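Number of protein chains: 2
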Amino acid sequence: MEFALEREAGQGGPVYRQIAAQIRAEIAADRLGAGERLPPIRELARRLGVNRDTVALAYEELSRAGVVESSVGRGTFVTGEGVPAEPAPPFEARLSPLIERLLDLERARPRFGSAEGAVPLHSLIPDPRLYPADAFRKALGRALLEGGPELLLYGGPQGLPRMREALATHLVEHGLALDASELVLCHGASQGIALAVRLFAAPGECVALEEPTYNNVLHTMRGLGLETAPVPMRENGVDLAVLERTLSRPEVKLLYTIPTFHNPMGTTTSLAHRRELLAIAGRCGKPVIEDAYELDLRIDGKVVPPLAVLDRSGLVVHLSSFSKSLFPGVRVGAVAARGRLVEALLALKQATDLSDAMPLQAALADLITSGAYARHLTRLRRVLRGRRDAMLEALEEHLPEGSRWTRPEGGYQVWVELPEGSDTHELLPDAVAAGVLFAPGYQFNHDGRASRCLRLTFAMADEAEVRRGVATLGGVLRGRGAAMPHRTDRVSI
Amino acid sequence: MEFALEREAGQGGPVYRQIAAQIRAEIAADRLGAGERLPPIRELARRLGVNRDTVALAYEELSRAGVVESSVGRGTFVTGEGVPAEPAPPFEARLSPLIERLLDLERARPRFGSAEGAVPLHSLIPDPRLYPADAFRKALGRALLEGGPELLLYGGPQGLPRMREALATHLVEHGLALDASELVLCHGASQGIALAVRLFAAPGECVALEEPTYNNVLHTMRGLGLETAPVPMRENGVDLAVLERTLSRPEVKLLYTIPTFHNPMGTTTSLAHRRELLAIAGRCGKPVIEDAYELDLRIDGKVVPPLAVLDRSGLVVHLSSFSKSLFPGVRVGAVAARGRLVEALLALKQATDLSDAMPLQAALADLITSGAYARHLTRLRRVLRGRRDAMLEALEEHLPEGSRWTRPEGGYQVWVELPEGSDTHELLPDAVAAGVLFAPGYQFNHDGRASRCLRLTFAMADEAEVRRGVATLGGVLRGRGAAMPHRTDRVSI
C-alpha cells in the first residue's frame, strides 16, 4: 500500500482523513480484501512520518464506518463489508457566490400576482396574433425536406451559410456592408450579448451600461461575474461626458448600448451623438457593443445609421435579433464583428454550446429570401403605428400633470416619468388590481433603486387594449391623491 | 455649462481630456451652438479650480480637432462643424485574457488537412444515415400546427412542460424517479454542462475533471475562467484516492464525471466504484455532475444504475442528451437537480439566453411519447452492436503487439493505447494520408501533453468502413518500424 499525503495547509484536508480515504480506495479497488490486516499503527506512523495519533484517528474513522474492525492485541482487519456508503446526510449545496447574487436579483423582479385579464402594457414580447406562424411552419417543413438528415447534424459554431448570407443582404438596407463571414449566428440575441461581452471583459472586470438599460443584461452581467458602471441616459442618449470618464477607467472594458429604440426608453440617438460616442470610444480604446434588436421596427421619423455604419475603426460589434420583429421562438440572433473577433466568437460559441439548430436557421433564411419577412415587417409596422399613436393620445388624455414621456419612432416601448415623489414599484399592486400591468423603472437601474419612471409597451396589447390600459393607469394615478391632478399641460421628453 | 471632474488618480483620465470631452458633449447635445464663445481660459480655470494651462490644453485639443477656433484677442468659438469624428486609427481589440487562453486551446485542435474520403473513425457525431429525420419533420409540423403562434413565444427558462414530462417518464427506465419540475431543459447537453458547473464554481475556482475527459469540456471550463484539476482514469473509472485528495482541496468545487460509456474511453464504472465515488463526494461536501450523454445507448452487458439513482443526499446533478441517441440538431438537453438548485438553474438559464425553441422541444416530446424514439433506439443499438463487434474484431486482427483497447458495452467509442513510445498526434498525418481519421489522445488531457492513446469511434462509419479504417490504421502502425510487429497477443483493458 502506497500513500501520497498532502501536508501543506489547506491542501488535501486533515492528514488522518487522507489516510482513511486511501485505505477505502485500496479496498474499493480490491487491493485490500476481507480479513486482511492493516499495518500496525506504530509501523504506518513511522512509514508516513506522522504522529501515531494521526494513524489511530484514521483507523477509528474507518472502524466507526464499519470498514475495519479492531481486535485488541491482534490488530485492525478489513471487515469485508466492502466500503459501505456512510449514512448520507442531506447535501447542502454551496452555490457559487455569483449565483447567490444572481438569485438576489431574480428575487427582486416585479411580482404581478393575480393579473388575469389585466392589460399587458408591461411586456416586450411581440403579439402572437401578428406572427407569420403558418409561413414559418411551411418554411420549416420545406427546409427539413430539402435538407434531409444532414440538416440535423451540428451546424458548426458560425451557423448556416444560407442564413448568414440572407442576413448580410438584409442588413444592407440599414447601410451595413458586411460579408456573411463576418456574421456569427447565435441562440437569440441574448446569447449574442453574452458572447460579445465575454470577448472583451473577464470576470471581475467592468462593463459600461446605460442607465436605465435592458434589465436582463444586468442579470447576464451578474451571472458572468462582471461589474457594471452606469452611464446615465439623457433625452438624447447617454451622457457623453460621463461616458468618457467611465470608458477612461482601465477596468471598464467596453460599452453596451442600445442607440435605436432604446430599451426601456424608446428613444433614438442623433447622428451627432453617435459620432461623438464613437469618437469617445476610439479615444479611450474601448469597443462598443451595439444592440440593434429593434432596428427593423422603425415606424416613422428620420433614419439614423447604426453605429456599425458610422464606425471606421472596427470598434463596433453589432447585434441583430428576430425576437421582436418576427417572434422569439425562432431563437436566431447574430453578432457582426471583424477579423480576429470573428475567430474569437467562434471559439467561444463552440465552447459554449457547439452549435445552434440548423432547421430554424434554414427556415428563417427562407422567410427572408422569399420576401415573406419583408411583407411581415410592412404589416407589423402599420399595426405598431396605430398602437403607438393610440398610446401617445391616451397618455395625453389620462396622465396627471407633471408627467412626461418619450415618443418612440419605432419599437414597442414608451418611457413615462411620473411627478416627483412617485415610486412606480410601490404603485404596481394598485395598477394590477385595477387591471393594467407596466414595468416599474427600478428594475432597469443597475442598483435596483426606486424610480419614478415606468415602461409601457404596445407589444402585446392592441389599440383598444392600449387605450383601456392607459386610461386605467391614469385612473390609478389620479386616485392616489390630490398631489396628482388631471394634467392639462406637460413637456414631452 | 456644468463640469464634473474626477481628480483621483486613474479615475477619468487627464483633467484636460475630461474638460475637452465635456465641451464636445455640450456641442453634441446642441447646448453649445456654432459661433458661441467658450468661457475665457482664466475664468474657466478659476471656476474649476484648475491650472490655466490645463484649460488651455483642452482648448488646444479641441482646436486641433476643428471643433473650436481661437481668434487672438477675441476668444475661442465653436466652429459649427459639429463634432467631427477624429481620423480613426484602426482599433486593435484587446481580447479578454480568458479568450486568448481559449484561442490557444482552439489552435491546438488536431488538423486533419485534406481528409476527403478518409474513414471517419475520429468523429463522435452519430451517422445521419440512421436519423429518424422523416418522423422528426412530421412531428415538428404537427407540433407547430397544433401549438399555433403560442409555440413561437419565449418558452420560459425551464422548457416545455410536455417535454419535461416525457423525459421524466423516459428516465424511469434508467431507475431515475424525477418529477418534471426537477428538470431544466437546455440548448444541448453542452449548455447543460456549463449551467451545472456555474452553479457551484465561480471564475478563478477549480473543478475536478477526469483525465482523459471530453475535450470540449476543457474548452468550456477555460472559457468560463475555471481551473481544472485532473483526476486520472484507471481501468474502472477515476482513481478514488486521487479523487478524495482533489475534492478535499477547498478551491475544488465539484467533480464532473462520465461514469457510463466514458468519453473518450468507452468504459463504464462498477456499482462499487459508483458507491465509493459518492461516499467520497459526500465526505468532501462537493457535488457531482454526472454526464449521462450516452445512457440510452447500451448495447449489452449488465446495467449499472446512474450515480443519480444511487445518490441519497442530493449530491448529483444529472445531465441528459439526445445528441448521440437521436441527432445533434434537436438541441435539447436536460439538467436534473433538486430543490434550490432548480431555482438557481432557472435564474442562470434566464440570464444566459432566456429560453430555448419550443417547437423543437414539442417535436421531441412527440417522438418520445409516440414510441418512435424507443423504436429508433432499438434499431440504433442493433446497428451499434454490429459496428462495435466489427471494430473489436478488426483491432484484434490488425493492431500491433503491445496495443491495448477498451471493450465498450455501449456508446460509440473505443480507447486504444499503443505501445510505449508512441505519440498519436505525431502519427495522425500518416493515418490521414493512408485514409483513416482518429482522435489523438493529447486533446483529452488537461494540459494537452502528448499521449500514446487514441479514440476510435463507430459513430459515422458503418461496419465495412470500420473494418477498412482499422485495417488501414494497422497498416500505418506496422509501416512505422520494426518496433511495432504485427501483434499476436495483448491484454485488453
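Residue numbers (this note's numbering), protein chains in the order written: chain A, 132 to 624; chain B, 132 to 624.
Yeah, the Cβ is synthetic: ideal placement off N, Cα and C, and Gly gets one too.
Keep in mind it's a predicted model, so treat the numbers as computed, not measured.
- A straight-line Cα-Cα distance of about 9 Å links residue 460 of chain B and residue 453 of chain B.
- Straight-line spacing of the CA atoms in residue 480 of chain A and residue 233 of chain B works out to 11 Å.
- Unbroken alpha helix (DSSP H) stretches of 4 residues or longer found wholly inside the segment 320-394 of chain A: 346-354, 371-379, given in chain order.
- Look at the segment 312-340 of chain A: the residues with a C-beta under 8 Å from a C-beta of chain B are 318, 319, 321, 322, 325, 329, 330, 331, 332, 333, 334, 335, 336.
- Excluding its 5 nearest sequence neighbours in each direction, residue 407 of chain B has C-beta neighbours in its own chain below 7 Å: 371, listed in chain order.
- Any Cβ of chain A closer than 8 Å to the Cβ of residue 574 of chain B would place that residue at the interface, and such an atom is absent.
- Leaving aside the five residues that flank residue 590 of chain A on each side, the residues in its chain whose CB is nearer than 7 Å to its CB run, in chain order, 254, 255, 256, 257, 258, 543.
- For residue 450 of chain A, no alpha helix (DSSP H) run applies; the uninterrupted beta strand (DSSP E) run containing it begins and ends at 447-452, by DSSP.
- A distance of 8 Å or more separates the beta carbons of residue 397 of chain A and residue 550 of chain A.
- The bridge partners DSSP lists for residue 422 of chain A are A:450.
- Restricted to the segment 274-319 of chain A, the alpha helix (DSSP H) segments that are unbroken, complete and at least 4 residues in length are 292-303, listed in chain order.
- The Cβ of residue 492 of chain B sits no closer than 8 Å to any Cβ of chain A.
- For residue 587 of chain A, the enclosing beta strand (DSSP E) begins and ends at 584-588.
- For residue 433 of chain B, the number of other beta carbons within 10 angstroms of its own is below 16, and it is reported as exposed.
- Unbroken alpha helix (DSSP H) runs of no fewer than 4 residues, entirely contained in the segment 172-215 of chain A, are found at 172-179, 183-195, following chain order.
- Setting aside the 5 residues that flank it on each side, residue 236 of chain A is surrounded in the same chain by 349, 350, 353, 579, each with a C-beta closer than 8 Å to its C-beta; the list follows chain order.
- Residue 467 of chain B sits in a strand when the DSSP states are folded into three classes.
- DSSP, read as helix, strand or coil, puts residue 485 of chain A in coil.
- Taking 8 Å as the cut-off, the beta carbon of residue 226 of chain B is found closer than this to the beta carbon of residue 331 of chain A.
- With respect to residue 272 of chain A, residue 264 of chain B sits apart: the two C-beta atoms are not nearer than 8 Å.
- Judged by DSSP in its simplified three-state form, residue 166 of chain B adopts coil rather than helix or strand.
- Between the alpha carbons of residue 367 of chain B and residue 392 of chain B lies a distance of about 11 Å.
- Residues of the segment 388-414 of chain B with a C-beta less than 8 Å from any C-beta of chain A: 403, 404, 406, 407, 409, 410, 411, 413, 414, listed in chain order.
- Among the CB atoms of chain B, none fall inside 8 Å of the CB of residue 424 of chain A.
- Contact of residue 283 of chain B with chain A is assigned, a C-beta pair being separated by under 8 Å.
- Taking C-beta atoms as the reference points, residue 275 of chain B and residue 567 of chain B fail to come closer than 8 Å.
- Interface residue (Cβ-Cβ distance to chain A less than 8 Å): residue 418 of chain B is classified as such.
- In summary, no residue of the segment 525-557 of chain A has a CB separated from any CB of chain B by less than 8 Å.
- Between residue 239 of chain B and residue 314 of chain B, the alpha-carbon positions lie close to 35 Å from each other.
- If you draw a 10 Å sphere on the C-beta of residue 174 of chain B, you find fewer than 16 other C-beta atoms in it, and that means exposed.
- Taking C-beta atoms under 8 Å as the contact rule, residue 485 of chain B and residue 347 of chain A qualify, at a distance of about 7 Å.
- When C-beta atoms of the segment 148-161 of chain A are compared with those of the segment 184-201 of chain A, three or more pairs fall below 8 Å, so the two segments count as touching.
- In the three-state scheme derived from DSSP, where H, G and I count as helix and E and B as strand, residue 551 of chain A is classed as coil.
- Counted as a single uninterrupted DSSP element, the alpha helix (DSSP H) harbouring residue 228 of chain A occupies residues 228-238.
- At a cut-off of 8 Å between beta carbons, residue 182 of chain B makes no contact with chain A.
- The three-state reading of DSSP puts residue 493 of chain B in helix, counting H, G and I together.
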